[in-house]
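S.K.:
In structure tokens:
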């Protein structure tokens, strides 16, 4: 049986110390790129995207395509996502910088790192992500910069709770 966290959009959330960024553990970043459809209107200033062609099921078992850097120019995230939707690419890494100062970066199979221009913008982004994830919105002012939160489920839905790493426990 699969663990419950695999059915959640967000498992862990870490707020940056400067108050403008956050890291999301979304289990498999590859499966959750659809989240970016909600930010498709953002204009791309610069991006770095590495991909690998995947012709499965028509690809021979021993065929391995090289990982390449995308050179095509895109104005908005919608354009990029529409283009990628038509291709048989496995995305290996991406970092996208937007004209509004936001940055979305993927650490492959680990997390999504999102940087905004201010704490207010970060809180707006969190509000949207909580709504998409069906997580009850906490009082955003009570969230502490530099803290890690985990998503927990109970019979009333999903909530976040602060997670404190206790390094002294188990080393006595």
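Numbering (the working numbering), first residue to last: 6 to 177.
Every residue gets a Cβ at the ideal spot worked out from N, C-alpha and C, and that includes glycine.
1. Please identify the residue among 150, 72, 56, 109 whose C-alpha is closest to the C-alpha of residue 88.
2. Can you list, in chain order, the residues of its chain with a C-beta nearer than 6 Å to that of residue 51? Leave out the 5 residues immediately preceding and following it.
3. Count the other C-beta atoms from every protein chain shown that fall within 10 angstroms of the C-beta of residue 116, then say buried if there are 16 or more, exposed otherwise.
4. Starting from the C-beta of residue 111, find all residues in its chain whose C-beta is less than 7 Å away, skip the five residues before and the five after it, and write them out in chain order.
5. Could I get the ranges of all uninterrupted alpha helix (DSSP H) runs contained in the segment 57-124, with 4 residues as the minimum, in chain order?
6. With a threshold of 16 other CB atoms inside 10 Å of the CB of residue 63, please say whether the residue is buried or exposed.
7. What whole-angstrom Cβ distance do residue 25 and residue 123 have, given they're in contact under 8 Å?
8. Would residue 79 and residue 49 qualify as a contact pair, given that the criterion is a beta-carbon distance under 7 Å?
9. How big is the Cα-Cα spacing for residue 95 and residue 67?
M.R.: Reading it off the structure:
1. 56
2. 102
3. buried
4. 34, 98, 99, 117
5. 82-91
6. exposed
7. Confirmed, about 6 Å.
8. yes
9. 17 Å
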